[in-house]
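The next block holds one structure in the form of C-alpha cells; read it before the comments.
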Amino acid sequence: MIKNENVEGEPAYDETYRRGPVVMRGPMIPKDNTYANLLAPEESTDWLHADPWRVLRIQAEFVDGFGALAELGPAVTIFGSARTPKTDPLYKAARTVGRKIAQRGVAVITGGGPGIMEAANRGAASVNGKSVGLGIELPHEQGLNKYVNLGMDFRYFFVRKTMFVKYSSGAIVFPGGFGTLDEMFEVLTLVQTHKVKRMPLVLVGSEYWQGLFDWLNGPVMDAGMISPLDPDLVHITDNLNEAVDIALSGLM
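Read left to right, the sequence shown gives residues -12 to 239 (this note's numbering).
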C-alpha cells in the first residue's frame, strides 16, 4: 500500500493499491487479494467469466490455431451454407471443387460443419488431400464433419475468421445465409481496406449472387456508401473449373 498526501481543499484517497499496471484507490481497493483467491477453496467459478480471464482464453485460442495450421501449406477456403442437403446439386458441386483443389496439392479449409462445408471436405478427403475444418462452438451445431482430417473447434468467431484469412490464398463462396455472408464480407472488407494481402474471391452461382452485387454496384455505390469494387477481386461464375483456377491464382 502507498500512502497519499491529503492536499487541503482537494479530494484525495489515503491509500493506493497497485495490481500490475492497474491502480485502485478508495472503494475500488479489493477487500481480498489475488494470492488469497488463488489458495482459497473454490466456491464460485464466476471469475472464469471475467474479462481478464477471457483475454487469456482468447490468447490461448490464437496460439492453438497458429500452432495447428502453421505447417499447413498452401490453402483455399470454401464458404457456404450448413443447410445444403446431400441431394442438392450445390453439394455435389462443392464436393467436386474440394476434390479438384486437393488434387492440385492445396489444402481445403472449411467451417467444418455440414452442408457445403461437409461436401468440400469430403471432396478433399476422397483424394487423401488436406481437409481442414475450423468449427465453432454452438449449442445447435453437430461438431466437425467426419471428412475433416485436421480440425479445431473455436469458441470465438473472430479468432476463427482470423484463421480463415491468415492461412488462405483464395476463397470460394457457395450460396449461404448470414454466416456465409459474414465471412464473405469480412474478406472483402479486409482486402478493400488493405488489412490483409490481396486474395481472389470466387462466388459460385450467378443466379444467387448477381442480384446482391448489382445492388452493391448500383444503389449502394451511387449513394457514395462504398468505393467501386475492384473487378479483379470478385468473380461470379457457374463454371467449377474456372472457380478453382481463379481461387488458386492467389498462389502464383
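Idealized CB from N, CA, C, for every residue including glycine.
These numbers come from a predicted model, not from an experiment.
- In this structure, Gly192 is the residue among Met150, Met186, Arg185, Gly192 with its C-alpha nearest to the C-alpha of Phe161.
- Bridge partners of Ile16 according to DSSP: none are assigned.
- If you ignore the 5 residues before and after Pro101, its C-beta comes within less than 7 Å of the C-beta of Ala69, Gln129, Asn132, all in its own chain and listed in chain order.
- If you keep only unbroken beta strand (DSSP E) runs of at least 3 residues inside the region 136 to 201, you get 137 to 141, 158 to 160, 188 to 191.
- In the structure shown, Ile45 adopts helical secondary structure according to DSSP, grouped into three states.
- Look at Ala111 here: in three-state DSSP terms it is helix.
- In its chain, beyond the 5 residues on either side, Arg86, Ala89, Gln90 have a beta carbon closer than 6 Å to the beta carbon of Val114.
- Thr224 is bridged by DSSP to Val191.
- Gly120 and Lys79 have their C-alpha atoms spaced approximately 18 Å apart.
- Taken in chain order, the complete alpha helix (DSSP H) segments of 4 or more residues contained in the region 63 to 98 are 76 to 90.
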